[in-house]
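Okay, so here's the structure we're looking at.
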Amino acid sequence: MLTEKAMEGFKAFIERNIAYARYKIGGTYHRVSIHHKERLADGKVAVYFSINPQATGNVTITEVQLFDTNNDLWASKSENIEVKSVQEGVLYRFAFDIKEV
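Here you go:
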């Protein structure tokens, strides 16, 4: 069984290594900075970033991704998030739950 120290090490590793995010609208990916990282009350590691499309009219976000400090893809998720105008944005959150099973 992993110790609490080991579990903490995995969480800290995630926090240190997630570097930036990307989102996809149409066929184009857009790179964005990580807004912040935090530990949630339930022990999960949360990574937040803002999506503020620079487009006129409605757009649909179809994918979100996280990359590490080596520019390697860490996480990817298909989405279907409609943004209804250039005035709207999205604060997106990935939450990682580290458990031994």
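Residues 1242 to 1342 (this note's numbering) are what the sequence shown spells out, left to right. We put the beta carbon where it would ideally sit given N, CA and C, even for glycine.
Nearest-angstrom beta carbon gap, residue j and residue i [assumed within contact, 8 Å]
i: V1305; j: E1329; result: Not quite, the Cβ-Cβ distance comes to about 16 Å (not below 8 Å), so this is no contact.
Nearest neighbour of residue i, chosen from the options [CA to CA]
i: G1267; options: V1331, S1317 and N1299; result: N1299
i: D1313; options: E1279, T1244, N1258 and A1253; result: N1258
i: V1288; options: A1296, N1311 and A1262; result: A1262
i: S1317; options: V1342, K1265, L1243 and G1284; result: K1265
i: E1256; options: T1244, K1246 and R1280; result: R1280
i: Y1270; options: A1260, P1294 and H1277; result: P1294
i: N1311; options: S1326, A1260 and T1301; result: A1260
i: L1332; options: A1282, D1338 and H1276; result: H1276
One or two residues paired with residue i in a DSSP bridge
i: A1287; result: E1279 and A1336
i: A1262; result: V1273 and L1307
i: S1326; result: Answer by DSSP bridge pairing: none, since S1326 is not bridged.
i: L1243; result: Answer is none; L1243 lacks a bridge partner.
i: T1301; result: E1323
i: A1296; result: Answer is none; A1296 lacks a bridge partner.
i: K1318; result: V1305
Straight-line Cα distance separating residue j from residue i
i: M1248; j: K1340; result: 8 Å
i: D1309; j: F1254; result: 10 Å
i: A1303; j: S1274; result: Sequence check: residue 1303 is Thr here, not Ala. The alpha-carbon atoms of T1303 and S1274 are separated by roughly 18 Å.
i: A1336; j: L1307; result: 11 Å
i: E1323; j: M1242; result: 43 Å
i: T1297; j: R1334; result: 25 Å
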